[in-house]
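Student: Below is a structure I'd like to ask you about.
Number of protein chains: 2
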Amino acid sequence: MFGDKHLDGTRRRFDNSPMAGTNLVDLLSGVRFGVSYLLSGGEKDAHLKAKEICYEQTVEFPEDITPAGPIADSIVGKIEEFSAVGGGRFRARISYAIECTAGTIVQFLNVVFGNTSMQPGVKVERLFLPNRLIGAFRGPRFGREGLRAFLGVPSRPLVCAALKPMGLSAAELAEQAYKFALGGIDLIKDDHGLSDQVFCRFEERVARCAEAVARAASRTGRRLLYMPNVTAPADRLLPGAYRAKELGAGAFMVCPGLAGMDAVRVLAEDDSIGLPVMAHPAFLGSFVTSEEIGFSHGALFGQIMRLSGADMTVFPNWGGRFSFSREECRQIADACAEEMGGMRTIFPAPGGGMTTDRAQDMRDVYGRDFVLLMGGGLHRHSPDLTRNAEYFMEMVSSL
Amino acid sequence: MFGDKHLDGTRRRFDNSPMAGTNLVDLLSGVRFGVSYLLSGGEKDAHLKAKEICYEQTVEFPEDITPAGPIADSIVGKIEEFSAVGGGRFRARISYAIECTAGTIVQFLNVVFGNTSMQPGVKVERLFLPNRLIGAFRGPRFGREGLRAFLGVPSRPLVCAALKPMGLSAAELAEQAYKFALGGIDLIKDDHGLSDQVFCRFEERVARCAEAVARAASRTGRRLLYMPNVTAPADRLLPGAYRAKELGAGAFMVCPGLAGMDAVRVLAEDDSIGLPVMAHPAFLGSFVTSEEIGFSHGALFGQIMRLSGADMTVFPNWGGRFSFSREECRQIADACAEEMGGMRTIFPAPGGGMTTDRAQDMRDVYGRDFVLLMGGGLHRHSPDLTRNAEYFMEMVSSL
Numbered sequence: 001m002f003g004d005k006h007l008d009g010t011r012r013r014f015d016n017s018p019m020a021g022t023n024l025v026d027l028l029s030g031v032r033f034g035v036s037y038l039l040s041g042g043e044k045d046a047h048l049k050a051k052e053i054c055y056e057q058t059v060e061f062p063e064d065i066t067p068a069g070p071i072a073d074s075i076v077g078k079i080e081e082f083s084a085v086g087g088g089r090f091r092a093r094i095s096y097a098i099e100c101t102a103g104t105i106v107q108f109l110n111v112v113f114g115n116t117s118m119q120p121g122v123k124v125e126r127l128f129l130p131n132r133l134i135g136a137f138r139g140p141r142f143g144r145e146g147l148r149a150f151l152g153v154p155s156r157p158l159v160c161a162a163l164k165p166m167g168l169s170a171a172e173l174a175e176q177a178y179k180f181a182l183g184g185i186d187l188i189k190d191d192h193g194l195s196d197q198v199f200c201r202f203e204e205r206v207a208r209c210a211e212a213v214a215r216a217a218s219r220t221g222r223r224l225l226y227m228p229n230v231t232a233p234a235d236r237l238l239p240g241a242y243r244a245k246e247l248g249a250g251a252f253m254v255c256p257g258l259a260g261m262d263a264v265r266v267l268a269e270d271d272s273i274g275l276p277v278m279a280h281p282a283f284l285g286s287f288v289t290s291e292e293i294g295f296s297h298g299a300l301f302g303q304i305m306r307l308s309g310a311d312m313t314v315f316p317n318w319g320g321r322f323s324f325s326r327e328e329c330r331q332i333a334d335a336c337a338e339e340m341g342g343m344r345t346i347f348p349a350p351g352g353g354m355t356t357d358r359a360q361d362m363r364d365v366y367g368r369d370f371v372l373l374m375g376g377g378l379h380r381h382s383p384d385l386t387r388n389a390e391y392f393m394e395m396v397s398s399l
Numbered sequence: 400m401f402g403d404k405h406l407d408g409t410r411r412r413f414d415n416s417p418m419a420g421t422n423l424v425d426l427l428s429g430v431r432f433g434v435s436y437l438l439s440g441g442e443k444d445a446h447l448k449a450k451e452i453c454y455e456q457t458v459e460f461p462e463d464i465t466p467a468g469p470i471a472d473s474i475v476g477k478i479e480e481f482s483a484v485g486g487g488r489f490r491a492r493i494s495y496a497i498e499c500t501a502g503t504i505v506q507f508l509n510v511v512f513g514n515t516s517m518q519p520g521v522k523v524e525r526l527f528l529p530n531r532l533i534g535a536f537r538g539p540r541f542g543r544e545g546l547r548a549f550l551g552v553p554s555r556p557l558v559c560a561a562l563k564p565m566g567l568s569a570a571e572l573a574e575q576a577y578k579f580a581l582g583g584i585d586l587i588k589d590d591h592g593l594s595d596q597v598f599c600r601f602e603e604r605v606a607r608c609a610e611a612v613a614r615a616a617s618r619t620g621r622r623l624l625y626m627p628n629v630t631a632p633a634d635r636l637l638p639g640a641y642r643a644k645e646l647g648a649g650a651f652m653v654c655p656g657l658a659g660m661d662a663v664r665v666l667a668e669d670d671s672i673g674l675p676v677m678a679h680p681a682f683l684g685s686f687v688t689s690e691e692i693g694f695s696h697g698a699l700f701g702q703i704m705r706l707s708g709a710d711m712t713v714f715p716n717w718g719g720r721f722s723f724s725r726e727e728c729r730q731i732a733d734a735c736a737e738e739m740g741g742m743r744t745i746f747p748a749p750g751g752g753m754t755t756d757r758a759q760d761m762r763d764v765y766g767r768d769f770v771l772l773m774g775g776g777l778h779r780h781s782p783d784l785t786r787n788a789e790y791f792m793e794m795v796s797s798l
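Quick mapping for you: the protein sequence lines, in order, are chains D and R. First residue of the first sequence? That's 1 in the numbering used here, and the numbers climb one at a time after it. First residue of the second sequence? That's 400 in the numbering used here, and the numbers climb one at a time after it.
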């Protein structure tokens, strides 16, 4: 089974070679990671809630019967800071032993927010990750520098087109890809609704689109990547990615909200793949659309996606048809670029909303290090898709 | 790769053997499934939102450039019903072609709520599933009847104990399992925070707990199941489940919020496993804790988990330390038992909250067809875990 290698890989990460009879205290490094939670309610209630989180997220046991010693002292979360943040909310920074995470994304997220996700009035604001925990993950394989180097685009924003709408055949989507590629687009992705439908099979689509993009590239002499949506059932994610690579895919897009919170990591870490990964936010919206629950935009779409190894993280730009604010988008962009234990910086990939009017504002927030996702706009500007692509490439180049 | 068999398996499900050049219209069966969404806001806004959902969840394309013909007529969602439900909210029932789902849980959920999850004020209330779509999934392998038959418990509620707290060694947890098993507990599960930590490795825990439970069963002559938490990284879920079965696990618990929305299905459908599956709600809470976004309790923890193949679906009972109401719990229980294209009925598994006071009220809501999850209560009643188990088994038997 191909999982075994990873089992061992993970095992090495925090393993202090425990012997039978080794005490818990000898197995813990003492290194802790932190989570700041925003808590709604009065100060007393908020503090009680913080204390409950310390237990709920670890021992899931009442305080009075939690065994004294290293379990109470080190496994149970600790409130490191508690303060008012205004607007009737409080911030509690709680620390956990890194060993509780088992060095995996799934168990890390379980400790951060597993059962507490069912508690109203608790929002994960920010993660504080020590280098030892960050070191358990490979992180982004390419990041900004790697992608720019591959594409030969040193400084302007990158542009990504989406193949759509659902219902077109693989041949029709490949024709679209060809036209966009001729127009100089950097990245061409499947729309996230393209799966393995009877009217457009995954393998046929990947084969045709990869071929079309390669053909266009040989005409223009420019590099670009075709990025299929590899979101799939649990037992088809890696096989699908392997097959897509064989068929000529240059990168992958995946929706961790659907394929699992570990989907980005498994694609990014697999050395037999070795291609860039774009994380798409489908089905993750309920974590951010309420002010009082879930995650902050920066923690979910920035910190977690980067830790998972995404080279690009998609989210809807402000002013489009979704509700993310300019400030929330900036938060994501900041988390893509801030110092993070030596991990590569990654691209925020705001979707939609690019107009000549808004170009300067996007430049102000993102600088030039972003991937502009173009959907309907690229199709609608005129009936000539290649000319539309050229038009937007020119606009982006002038930023 | 073991995924290929499933690829072909899925392919058969809706496949009309498309030939090159086949028209889209010939590939669609005309069968549609429905989703009722609750929409906040004024009537005009809510209706506009419903219309946007029809496009967003399918073509993700502006209406004015969506190709006329079968894409506009059949791929785009259709508003089948729109009505006020009071409290300033509206219900829109929207239908989609079943072929859009590709016959998979992940793409089904993507069509139901993918990008719309990022839209505030939209909640999925209920799914309307035609038999042809339900037939794409195996569903629960055991269900109520199968589990009752295996355990030899014809009618009383089942009782499930949780091994905890995090920080105990595999040997200590196995001792706990042994004591609970002697006391007559039906199902013994890992706490959902037990993963593959350095202080309690997955393989050692499963081996020791399975052995302890088998030893107790041979003393009592009663059947019971040890149910490890197999929630794991994407490439370790199935290998871990296979290994756990080899080591004596009798069922599995998994957290689809962490391991992926397809995790329950892949475990339930795999014929080389063939064990009962319990779905745990960790990390799914943000979908239900706000009234205005996400899913209804019944849709998420009832309909979706059952469609995925869970034999038992865990959720926090009312009156405990979480916020689910009595009515929300009843909604889940109803979805576990209602007619659903011939799929087996499954057990609601309310966690916590069982006291002698509340016993009759639980009986009123759940009848006798539920799994009572006992956490701290089973540990706290007295220091003698076997006696505690006996005490609660007696109480439950009298329901």
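Where is the CB? At the ideal position from N, CA and C, for every residue including glycine.
For D/I304, count neighbouring C-beta atoms within 10 Å of its own C-beta (all shown protein chains included) and say buried if the count is 16 or more, exposed if not.
Tutor: buried
Student: Give the DSSP-derived three-state secondary structure of D/L238 in the structure shown.
Tutor: Three-state result, D/L238: helix.
Student: List the DSSP bridge partners of R/D589.
Tutor: According to DSSP, which records beta bridges pairwise, R/D589 is partnered with R/L562.
Student: Can you list, in chain order, the residues of its chain with a C-beta nearer than 7 Å to that of R/T785? Leave out the 5 residues immediately preceding and following it.
Tutor: Once the five neighbours on either side are set aside, the close Cβ partners of R/T785 are K578, L581, G582.
Student: Could you spell out where the beta strand (DSSP E) holding D/I94 opens and where it closes?
Tutor: From DSSP, the beta strand (DSSP E) with D/I94 extends over 89-97.
Student: Would you call D/T220 buried or exposed, if buried means 16 or more other Cβ atoms sit within 10 Å of its Cβ?
Tutor: Classification for D/T220: exposed.
Student: For D/L238, decide whether its Cβ has a neighbour in chain R, counting only Cβ atoms nearer than 8 Å.
Tutor: yes
Student: Below 8 Å between beta carbons is the criterion; list the residues of the region 618-632 of chain R that meet it against any residue of chain D, in chain order.
Tutor: If the cut-off is 8 Å between Cβ atoms, the region 618-632 of chain R has T630, A631, P632 near chain D.
Student: Measuring CA to CA, which of D/A174, D/R265, D/E63, D/N317 is closest to D/E203?
Tutor: D/A174
Student: Mapping the DSSP letters down to three states, classify D/G32 as helix, strand or coil.
Tutor: The sequence as given places Arg at residue 32 of chain D; Gly does not occur at that position. Of the three classes helix, strand and coil, the one that applies to D/R32 here is strand, per DSSP.
Student: DSSP puts R/G776 in a beta bridge; with which residues?
Tutor: Per DSSP, none; premise fails for R/G776.
Student: Closer than 7 Å by C-beta to D/A282: which residues in its own chain qualify, once you throw out the five before and the five after it? Chain order, please.
Tutor: These residues qualify, in order along the chain: H192, C255, G257, L258.
Student: Quick one: what's got a C-beta closer than 6 Å to R/L427's C-beta in the same chain, skipping five residues either side?
Tutor: S473, A496, E498
Student: Whose C-beta lies closer than 7 Å to the C-beta of R/A662 among residues of the same chain, with five residues either side of it excluded?
Tutor: Taken in chain order, the residues that qualify are L636, V653, P655.
Student: Skipping 5 residues on each side, what residues in its chain have a beta carbon closer than 6 Å to that of D/I212?
Tutor: Checking the sequence shown, residue 212 of chain D turns out to be Ala, not Ile. Spatial neighbours of D/A212 in its own chain (CB-CB distance under 6 Å, excluding positions within 5 residues in sequence) are listed in chain order as A174, A177, Y178.
Student: Is it a yes or a no for the region 329-342 of chain D touching the region 359-371 of chain D, going by three-plus beta-carbon pairs under 8 Å?
Tutor: yes
Student: Am I right that D/D349 and D/M278 are in contact with their C-beta atoms under 8 Å? What's the rounded C-beta distance?
Tutor: In the sequence under discussion, the amino acid at residue 349 of chain D is Ala, which differs from the Asp named in the question. Confirmed, about 7 Å.
Student: Flag R/V764 as yes if its beta-carbon sits less than 8 Å from any beta-carbon of chain D, otherwise no.
Tutor: no
Student: Looking at the secondary structure, which residues open and close the alpha helix (DSSP H) in which D/G257 lies?
Tutor: Note, D/G257: alpha helix (DSSP H), 256-259.
Student: If D/V314 sits next to D/G351, beta carbons under 8 Å apart, how far is it from one beta carbon to the other, in whole angstroms?
Tutor: 6 Å
Student: Using a beta-carbon distance below 8 Å, is D/F14 in contact with chain R?
Tutor: Bear in mind that a pLDDT of 49 at D/F14, under 50, signals an unreliable position, so the model cannot answer this.
Student: Using a C-beta to C-beta distance shorter than 7 Å, which residues of chain R count as neighbours of D/N115?
Tutor: A681
Student: Can you grab the Cα-Cα spacing for the pair R/R543 / D/P383, in whole Å?
Tutor: Rounded to whole angstroms, R/R543 to D/P383 spans 57 Å at the Cα level.
Student: Taking D/C255 as the query, report the chain R residues whose CB atoms sit under 9 Å from its CB, ordered along the chain.
Tutor: V505, N509, G513
Student: Going along chain R, which residues have a C-beta under 9 Å from D/I75?
Tutor: Those within 9 Å of D/I75 in chain R are P564, M565, G566, F598.
Student: Note down, in chain order, every chain R residue with its Cβ under 9 Å from the Cβ of D/Q119.
Tutor: G684, T688, R720, F721, S722
Student: Starting from the C-beta of R/Q730, find all residues in its chain whose C-beta is less than 6 Å away, skip the five residues before and the five after it, and write them out in chain order.
Tutor: H696, G697, listed in sequence order.
Student: Would you say R/M660 lies against chain D (beta-carbon separation less than 8 Å)?
Tutor: Taking Cβ atoms only, chain D reaches closer than 8 Å to R/M660, which makes this a yes.
Student: Can you name the residues that DSSP bridges to R/F579?
Tutor: DSSP output for R/F579 lists no bridge partner at all.
Student: Within 8 Å, do at least three Cβ pairs link the region 37-51 of chain D to the region 120-127 of chain D?
Tutor: yes
Student: Are there 16 or more other CB atoms within 10 angstroms of the CB of D/A84, so buried, or fewer, so exposed?
Tutor: exposed
Student: Check whether the Cβ of D/F90 lies closer than 8 Å to any Cβ atom in chain R.
Tutor: Not one chain R Cβ lies under 8 Å of D/F90.
Student: Can you list, in chain order, the residues of its chain with a C-beta nearer than 7 Å to that of D/G88? Leave out the 5 residues immediately preceding and following it.
Tutor: The beta carbon of D/G88 sits closer than 7 Å to the beta carbons of S40 from its chain, once the five residues preceding and following it are set aside; these are given in chain order.
Student: Whose CA, out of R/R555, R/A501, R/M761, lies closest to the CA of R/G534?
Tutor: R/A501
Student: Can you give me the Cβ contacts of D/A310 inside the same chain, cut-off strictly under 8 Å, excluding the 5 residues immediately before and after it?
Tutor: So the list reads P140, V264, A268, V277, M278, A279, I346, once near-sequence residues are dropped.
Student: What is the rounded straight-line gap between the Cα of R/Y793 and the Cα of R/R705?
Tutor: It is Glu, not Tyr, that sits at residue 793 of chain R in the sequence shown. Cα-Cα distance, rounded: 29 Å.
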